[in-house]
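So the structure is just underneath, and the comments pick up after that.
Number of protein chains: 2
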Amino acid sequence: MIADITQNERAPLTEDCLRKLDAYWRAANYLSVGQLYLCDNPLLDEPLKIEHIKKMQLGHWGTTPGQNFIYTHLNRLINRYDLHMLYVSGPGHGGPAVVAGTYLEGTYSEIYPEVTQDKAGMKKLFKQFSFPGGISSHASPQTPGSMHEGGELGYSLSHAFGAALDNPDLIVACVVGDGEAETGPLATAWHSNKFLNPLTDGAVLPILHLNGYKISNPTLLARLPHDELEQLFQGYGYSPIFVEGSEPELMHQPMAAALEQSIHYLKQIKYNAKEHPGIERPRWPMIILRSPKGWTGPKVVDGKKIEGTFRSHQIPLTVSSTSGNHLQMLESWMKSYRPEELFDANGTLNRDIAEIAPKGDRRMGANPNANGGLLLKDLRLPDFRQYAVSVTAPGIAGEGDVHVSGRFLRDVITLNPKNFRVFGPDETVSNKLEAVFEVTSRQWNARVEANDEYLAAAGRVMEMLSEHQCEGWLEGYLLTGRHGVFNCYEAFIHIVDSMFNQHAKWLKLTREIPWRRKIASLNILLTSTVWRQDHNGFTHQDPGFIDHVINKKSEIVRVYLPPDSNCLLSVMDHCLRSSHYVNVMIAGKHPSPQWLNMNDAVNHCTRGIGIWDWASNDKDCEPDVVMACCGDVPTLETLAAVSILRENLPDLKIRVINVVDLLKLERKSEHPHGLTDHDFDALFTTNKPVIFAFHGYPWLIHRLTYNRANNSNIHVRGYKEEGTITTSFDMTVLNEMDRFHLAIDVIDRVHIPGSKGVYLKQKLMDKLIEHKQFIYTHGEDMPEIRDWQWEG
Amino acid sequence: MIADITQNERAPLTEDCLRKLDAYWRAANYLSVGQLYLCDNPLLDEPLKIEHIKKMQLGHWGTTPGQNFIYTHLNRLINRYDLHMLYVSGPGHGGPAVVAGTYLEGTYSEIYPEVTQDKAGMKKLFKQFSFPGGISSHASPQTPGSMHEGGELGYSLSHAFGAALDNPDLIVACVVGDGEAETGPLATAWHSNKFLNPLTDGAVLPILHLNGYKISNPTLLARLPHDELEQLFQGYGYSPIFVEGSEPELMHQPMAAALEQSIHYLKQIKYNAKEHPGIERPRWPMIILRSPKGWTGPKVVDGKKIEGTFRSHQIPLTVSSTSGNHLQMLESWMKSYRPEELFDANGTLNRDIAEIAPKGDRRMGANPNANGGLLLKDLRLPDFRQYAVSVTAPGIAGEGDVHVSGRFLRDVITLNPKNFRVFGPDETVSNKLEAVFEVTSRQWNARVEANDEYLAAAGRVMEMLSEHQCEGWLEGYLLTGRHGVFNCYEAFIHIVDSMFNQHAKWLKLTREIPWRRKIASLNILLTSTVWRQDHNGFTHQDPGFIDHVINKKSEIVRVYLPPDSNCLLSVMDHCLRSSHYVNVMIAGKHPSPQWLNMNDAVNHCTRGIGIWDWASNDKDCEPDVVMACCGDVPTLETLAAVSILRENLPDLKIRVINVVDLLKLERKSEHPHGLTDHDFDALFTTNKPVIFAFHGYPWLIHRLTYNRANNSNIHVRGYKEEGTITTSFDMTVLNEMDRFHLAIDVIDRVHIPGSKGVYLKQKLMDKLIEHKQFIYTHGEDMPEIRDWQWEG
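Protein chains in written order, with the UniProt record's numbering: chain Y, 1 to 792; chain E, 1 to 792.
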């Protein structure tokens with residue numbers, strides 16, 4: 001189907017072009033070595049002395065020359081075909097390459113005007129690298145052209161595919177390190193090609209860089225026999241093109257030819273998709289570049305082979321006043337790039353070599369997709385109020401909070417057909433967002449069979465049974481200026497704890513960099529929660545993502561636990577409008593009682609925390625007890641407990657507080673949403689018992705409130721890691737967060753005159769026994785539990 | 001290299017054997033459907049009525065018949081070749097199959113005598129499934145023969161390979177679901193075959209079960225063209241053997257043939273490894289079984305196709321009083337297995353069919369590897385005291401705490417050559433455990449080249465750049481009764497947060513199950529910590545794993561932060577001796593000061609927390625301030641602050657407390673290691689300021705101490721998510737945990753008569769400015785910081 005390239009294209013470079021390409025590459029290598037080592041004498045105008053050398057030499061040479069080689073060749077390709085290309089640097093610590101590449105093309109100096117394209121600027125460029133107050137050793141947020149840092153390995157390819165979605169004119173060149181290729185997330189990310197739509201999406205050109213070594217081990221992929229390696233990537237659905245060798249001068253033509261062939265393939269794929277609708281899934285091209293680790297660097301140091309071994313991973317040659325001839329070796333190494341042929345006396349790249357770089361926005365360092373906020377358009381949002389469920393009285397039956405918000409998301413999809421997607425690991429229907437399939441499908445470019453549902457070549461829902469892929473795709477999509485929601489089972493969001501970390505760090509840093517524009521928030525909708533995984537059991541029960549999230553910068557993280565459908569609608573609308581946060585929304589998907597009409601829900605969510613007057617009876621007086629709740633099930637159990645108490649102990653003054661915005665509980669000084677002590681005390685009192693039913697691990701509430709005046713009276717119930725297959729109510733009993741335990745907690749903490757309290761406590765304890773007996777016999781909850789309704 | 005099987009072996013089953021196999025499979029399917037639906041009338045002695053049906057039908061049919069098919073055929077294979085085989089059920093919710101399989105072979109009734117192999121037992125077997133007080137829907141800890149639950153998907157193959165290590169006679173049959181195969185961890189786990197040693201390890205026989213669907217999507221692998229799928233697994237290094245079809249009677253011969261061929265291959269691989277040392281890495285066999293999801297179940301329900309579609313994932317047919325003919329359909333379905341041919345009137349499996357099951361320990365449900373504690377042998381440990389570093393006075397220079405413990409681990413390896421391994425993602429040398437390579441190598445069965453270091457076909461160190469694989473292999477190794485340590489960069493341990501969750505849940509549950517024996521602890525050694533990732537930058541800085549860990553059951557989790565080399569030795573010895581915990585050890589790898597000689601270290605670690613008298617000056621009086629520290633860098637900065645304070649404010653009474661065992665801070669009621677309030681107050685006082693320098697996120701200390709008397713006076717410094725490439729000391733400055741800030745914290749909180757305090761504070765603030773200026777100029781810390789030494 002894909003024709004081969006002609007013989008002519010096997011050596012596509014003219015002599016002149018080859019010379020310039022090689023010079024450009026040498027310039028990039030020179031600048032990279034300079035970054036690793038020099039704090040002065042950047043052009044080697046004078047003999048290299050120890051005082052020109054950084055005392056701490058920190059950085060990674062190993063991956064750098066290969067990436068410089070790739071970046072240089074991509075530049076030529078962009079120029080030849082006027083490509084719109086984004087560069088993703090997958091291997092760890094490839095910073096020197098991307099910095100050198102963007103410096104040579106001019107984008108670096110445009111963003112950092114003090115780093116001029118001359119000797120003075122070069123000196124700054126060198127000194128700042130891996131230096132206090134300077135820049136990091138990765139393609140970090142500070143690096144122009146980068147939307148992927150790669151400090152933690154494994155996500156480059158998912159990011160690349162996420163960036164390509166809905167960007168039909170974009171080619172994402174994604175360099176995948178052979179170390180990173182061993183990670184799980186990367187190993188499954190190759191399958192992203194079964195989702196990409198050649199008509200409506202851009203292309204990803206993976207360049208697997210086999211430089212053979214990690215920190216101290218060989219890489220697996222580099223040690224596969226050629227045929228096995230080829231089979232693997234053919235099996236992954238690619239047409240691999242090999243470029244292999246170590247002689248620099250012999251590698252340019254094959255690399256150029258491979259890139260020509262790739263573009264040829266990509267154009268053909270696009271053409272076929274347009275002209276032959278329904279044509280089978282294309283075999284996308286990829287390049288497998290096998291080149292020595294630390295290529296062009298020192299061959300042997302102190303008798304040990306460096307180039308082409310793991311020893312070139314970081315600093316291949318340590319230079320100090322006691323390192324013998326290493327200083328001379330460094331000088332020879334740097335001079336091997338013949339800087340005098342590359343830069344003029346002023347330190348500026350020679351004009352004819354500079355021609356290799358693309359112009360304007362075609363430069364990879366200037367691609368606006370790498371600073372996605374530049375491209376960000378606000379979502380067109382329907383009025384979320386129109387999806388409100390009617391709540392004529394608190395406690396009426398609902399149809400599932402997430403289910404209701406599915407209709408809102410459905411219309412968000414309709415109104416934003418090109419810059420909003422929903423991601424989920426095969427759970428979008430299970431999570432009750434099935435309304436979205438009224439207007440769209442899951443994007444899927446593998447084979448379709450009878451009885452499949454909601455699959456199409458183009459669709460707004462991305463589903464693969466890999467939380468890593470969902471998160472990685474979405475991050476790539478957001479980082480390039482679009483919007484989205486990730487829906488996930490609550491317990492399994494921990495699979496991407498580490499990806500969340502890195503994204504939150506990226507958001508924190510880009511927030512502090514003036515030229516970086518804000519991107520859309522990462523919206524994570526967690527459902528199928530701990531309290532309603534009674535049928536899936538203990539493995540599916542873990543509400544700890546909140547604990548993980550709130551360790552990150554308070555400017556970045558937001559956590560919402562809407563108690564009902566209208567609140568979830570209000571919260572979701574808010575999250576979709578926000579930017580540069582990670583919003584975690586935790587909500588139920590099962591039918592459960594509704595509490596607030598839409599007006600009250602908006603007011604409640606706007607405040608984030610508040611007294612529910614209709615459930616409280618402490619009007620115009622001090623309460624005897626505060627019953628606080630956060631999360632849908634804790635709210636239900638709290639209100640059930642309140643109704644038990646009010647019926648049996650009518651003199652007890654109870655204040656009911658509901659928390660939607662969890663970080664309201666923190667001090668104002670700790671989180672921008674935090675309540676002042678004054679406001680907190682006004683709600684929770686300074687001396688009354690507080691029985692707090694919380695969705696997650698109970699200690700989290702203590703961590704948030706340890707420094708409040710009433711701290712010692714706050715008694716929290718939550719998930720304490722007790723679970724199994726049982727009824728949904730029994731899940732709360734196992735963790736002592738059920739209505740009976742909550743009511744007993746009150747009795748235990750409030751002075752109740754007479755014997756009423758003692759009597760009620762005994763009755764509630766009997767209820768707990770009765771409950772156990774009932775479920776062991778009938779396998780379901782007692783009717784009085786199942787059918788319980790709030791009677792206001 | 002591997003000869004083909006003969007024509008005869010393509011249909012290896014005799015008529016009689018085929019009949020029995022099919023009957024056995026039907027029996028397993030019958031028992032599986034029974035588990036999903038019935039609470040009574042298990043043999044269908046009377047017409048099925050609605051009162052025989054569970055009200056809540058919870059469970060998963062989709063994967064079950066395929067797994068029953070596999071389990072049945074493996075039984076035959078075991079008998080024929082007298083195999084020692086372990087069954088790993090990868091697909092989610094395969095519980096009914098493993099329960100049915102172990103019930104039929106008798107192991108279930110041996111472990112649960114009340115579940116007899118008769119009608120009464122069968123009724124119990126059915127009712128307990130997914131029922132309150134009963135058993136889970138996975139191959140859970142309650143299930144005989146299971147060492148892998150599979151509630152969270154992706155780890156079956158890593159577990160299988162971990163189980164096979166050092167078990168040369170074992171074959172681990174690992175059923176991999178095609179849904180789970182989409183996860184990252186599973187996608188890279190296929191590469192485990194590059195590590196297995198055919199001579200000294202067992203074999204893994206992966207059986208990729210392509211039943212085509214997940215919850216509501218098709219699976220990717222099932223939709224690959226045949227040649228692409230074959231290429232993929234050949235590229236992964238396997239010899240895939242395909243078994244494809246949907247007609248039950250036509251599938252037995254091909255499946256039997258595929259298994260015969262697999263055993264043939266495995267025997268040849270073992271033979272070759274023995275007879276031809278150095279022979280190239282074998283292509284291990286695997287089976288790709290393509291069979292319909294929900295095989296043999298209802299074909300069409302309410303006009304929708306069920307068998308062979310995603311709709312058979314869970315309950316294919318809901319039965320209730322209002323479900324029309326579903327009750328009859330269920331009855332027909334169950335009768336289609338012809339129970340009357342399978343069980344006698346008493347409900348016991350007919351004797352001739354029962355012959356299919358292996359005997360004794362050969363039964364997969366009785367394999368002791370699935371209850372690894374049965375096989376657990378204590379480690380032979382050298383006396384850790386002999387590795388002590390000499391600490392003639394506190395503060396003398398060290399060589400790196402982890403580095404020292406490497407020599408201990410080296411000798412643990414020597415003393416335990418077959419049941420102890422070290423796992424790490426390419427970081428064992430980087431983490432300074434290089435001493436282990438004096439006695440062993442990394443196990444590696446891919447190609448070796450000149451300049452590789454420490455690679456061998458058999459070795460005790462397992463390294464792959466995948467934290468998932470390291471953790472998964474180690475879990476598999478531990479679960480089958482062996483010991484190990486996982487060494488990892490601190491920040492990237494979050495990659496396996498979710499795996500830790502599941503392992504901790506497994507430990508919690510198995511602890512409560514009488515027939516389960518305790519296994520060795522999961523020992524996680526975290527180094528390259530947040531405070532010493534100054535050169536790798538912000539992406540490598542995250543100490544939050546502790547926060548994640550301590551949400552799990554206190555009976556299971558232990559967290560240690562030894563402040564120096566001798567303490568780490570003592571802690572490591574303790575952890576290696578322990579069982580059924582997750583031990584997290586956090587220690588530095590860089591040269592840093594040493595505080596305690598071995599005797600003092602042992603005493604200190606045994607207590608877990610204590611006053612360091614030699615650093616304190618509050619003897620025989622109440623302190624003015626308590627300076628607490630936990631972690632190596634916090635200890636260093638605290639002692640430096642103490643020395644500043646004692647020099648400048650000699651009248652100030654300072655008590656220095658060091659915490660090794662973090663959970664000492666919790667209340668005794670919350671954690672078995674927790675201090676009583678009395679002991680806590682004796683250390684921290686009830687009313688003096690406490691300046692606490694903590695290795696991790698500072699809020700964690702508040703979460704642990706919120707309910708202590710002195711709570712409101714505890715002021716914690718720790719990592720507050722500020723980081724970059726900078727000097728190591730500057731990392732503490734960025735987070736205000738450096739000696740100057742700590743000393744200022746004291747001055748701000750303690751009444752210091754006269755102007756000495758004000759004067760010192762100003763001096764310290766000047767120091768901070770001087771520090772910044774120095775590092776921005778010189779790129780390294782001021783000599784007075786670098787060369788600082790405690791002078792007692």
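Each residue gets a CB set at the ideal place from its N, CA and C atoms; glycine is no exception.
From a predicted model like this one, the values you see are computed outputs, not experimental measurements.
Chain Y beta carbons: is any one of them nearer than 8 Å to that of residue i?
i	result
arginine 558 of chain E	no
proline 254 of chain E	no
tryptophan 515 of chain E	no
histidine 695 of chain E	no
valine 301 of chain E	no
arginine 703 of chain E	yes
threonine 183 of chain E	yes
threonine 529 of chain E	no
Report the partner residues of residue i according to the DSSP bridge assignment.
i	result
glycine 424 of chain E	E:Glu463
valine 412 of chain E	Per DSSP, none; premise fails for valine 412 of chain E.
Would you please verify whether the beta carbon of residue i is less than 8 Å from any beta carbon of chain E?
i	result
isoleucine 2 of chain Y	For isoleucine 2 of chain Y, the pLDDT reaches just 39, beneath the cut-off of 50, and the residue's location in the model is therefore unreliable, leaving the point undetermined.
methionine 251 of chain Y	no
residue 800 of chain Y	The question about residue 800 of chain Y has no answer here: the residues shown for chain Y are numbered 1 through 792.
residue 794 of chain Y	Nothing can be reported for residue 794 of chain Y: it is not among the residues displayed for chain Y, which extend from 1 to 792.
tryptophan 295 of chain Y	no
arginine 749 of chain Y	no
asparagine 211 of chain Y	no
serine 291 of chain Y	no
Applying a beta-carbon distance threshold of less than 7 Å, which residues of chain Y neighbour residue i?
i	result
aspartate 677 of chain E	Within 7 Å Cβ-Cβ: nothing; aspartate 677 of chain E doesn't reach chain Y, min ~13 Å.
Which residues in chain E sit within 7 Å of residue i, going by Cβ to Cβ distance?
i	result
aspartate 452 of chain Y	Pro218
isoleucine 775 of chain Y	Pro132
Starting from the C-beta of residue i, find all residues in its chain whose C-beta is less than 8 Å away, skip the five residues before and the five after it, and write them out in chain order.
i	result
glutamate 670 of chain E	Ser554
Is residue j closer than 8 Å to residue i when the C-beta atoms are compared?
i	j	result
glycine 459 of chain E	arginine 447 of chain E	no
glutamate 449 of chain Y	glycine 406 of chain Y	no
glutamate 475 of chain E	glycine 162 of chain E	yes
aspartate 401 of chain E	glycine 588 of chain E	yes
leucine 662 of chain E	valine 559 of chain E	yes
leucine 31 of chain E	isoleucine 356 of chain E	no
methionine 286 of chain E	glutamate 182 of chain Y	no
serine 312 of chain E	glycine 294 of chain E	yes
Please list the partners that residue i has in chain E, where partner means a Cβ-to-Cβ separation under 9 Å.
i	result
serine 137 of chain Y	His535, Asn536, Gly537, Ile725
Residue i touches chain Y at which residues, Cβ-Cβ below 9 Å?
i	result
glutamine 234 of chain E	Asp227, Glu228, Gln231, Leu232, Gly235
CB-CB under 7 Å to residue i, same chain, minus the five flanking residues each way: which ones, in chain order?
i	result
aspartate 4 of chain E	Because the pLDDT of aspartate 4 of chain E is 49, which lies under 50, any placement of that residue in the model is unreliable, and the number read from its coordinates should be weighed accordingly. Closer than 7 Å at the Cβ level, and outside the excluded window around aspartate 4 of chain E, lies no residue.
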